[in-house]
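Numbering (the working numbering), first residue to last: 102 to 285. Everything below concerns the one structure shown next.
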């Protein structure tokens with residue numbers, strides 16, 4: 102193989118990595134929006150009115166995006182074992198939610214959610230009564246919905262994917278900075 106061919110392959114690898122990163126960013130964003138919508142709809146049915154959800158200004162909750170993408174990566178081999186997947190996803194979601202709550206409380210001196218009204222809670226940050234639905238819904242989402250969304254994302258041309266993912270990252274960075282300024 103010539104040096105020229107080797108450098109071209111290096112460029113192809115960088116492009117593949119860039120496309121993969123763009124797809125991950127897009128999936129994180131889409132799942133963050135879906136999580137926000139589900140939470141807003143759930144709260145509407147629970148309280149009969151619109152309740153603002155999420156830490157950021159925009160209509161997305163990044164914890165759902167990171168949670169679903171993370172579960173998809175960590176538990177990919179368990180998708181054909183629903184009980185194992187659900188139990189492991191409950192544990193992972195519990196740790197993620199607990200740590201997120203603890204960090205937000207420590208940094209912003211505000212309690213963002215409180216599950217202390219439930220019987221099986223840990224410091225009000227997580228509870229079994231919500232982890233069970235999280236585990237089940239995570240399994241159903243990743244087993245049946247994720248393949249369809251991932252398939253659509255894979256069909257997006259590389260240039261468009263790059264523009265979309267870059268725009269998403271910039272919007273979320275600006276939103277994060279504005280949110281931090283609001284709470285500090």
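The beta-carbon is built from N, C-alpha and C at its ideal position, and this holds for glycine as well. Computed from a predicted structure; not experimentally measured.
In the DSSP assignment, the alpha helix (DSSP H) including residue i goes from what residue to what residue?
| i | result |
| --- | --- |
| residue 186 | 183-209 |
| residue 255 | 247-255 |
| residue 230 | 229-241 |
| residue 219 | Residue 219 -> no alpha helix (DSSP H), and no H or E assigned at all. |
Could you compute how far the alpha carbon of residue i sits from the alpha carbon of residue j?
| i | j | result |
| --- | --- | --- |
| residue 212 | residue 199 | 12 Å |
| residue 232 | residue 268 | 33 Å |
| residue 169 | residue 255 | 17 Å |
| residue 285 | residue 181 | 45 Å |
| residue 196 | residue 153 | 24 Å |
| residue 262 | residue 163 | 19 Å |
| residue 210 | residue 202 | 11 Å |
| residue 245 | residue 174 | 15 Å |
Using a Cβ-Cβ cut-off of 7 Å (strictly less than) and excluding sequence neighbours within five positions of residue i, which residues of its own chain qualify?
| i | result |
| --- | --- |
| residue 229 | 221 |
| residue 280 | 156, 157 and 158 |
| residue 242 | 169 |
| residue 303 | The chain is shown from 102 up to 285; residue 303 falls before or after that span and cannot be answered. |
| residue 277 | 157 |
Near residue i, which residues of its chain fall below 8 Å by C-beta distance, leaving aside the five closest residues on each side in sequence?
| i | result |
| --- | --- |
| residue 272 | 159 |
Tell me which residues share the same chain as residue i and place their Cβ nearer than 6 Å to its Cβ, disregarding the 5 neighbours each side in the sequence.
| i | result |
| --- | --- |
| residue 79 | A question about residue 79 goes unanswered here, because the residues of the chain that appear run from 102 up to 285. |
On the premise that residue j lies in contact with residue i, defined as a C-beta separation below 8 Å, what is that separation, rounded to the nearest angstrom?
| i | j | result |
| --- | --- | --- |
| residue 296 | residue 216 | For residue 296 there is no data in the structure shown, the boundaries of the chain being 102 and 285. |
| residue 188 | residue 236 | 7 Å |
Beta carbon of residue i: closer than 7 Å to some heavy atom of the ligand SAH?
| i | result |
| --- | --- |
| residue 204 | With respect to small molecules bound, the structure shown includes none, and the ligand SAH cannot be examined in it. |
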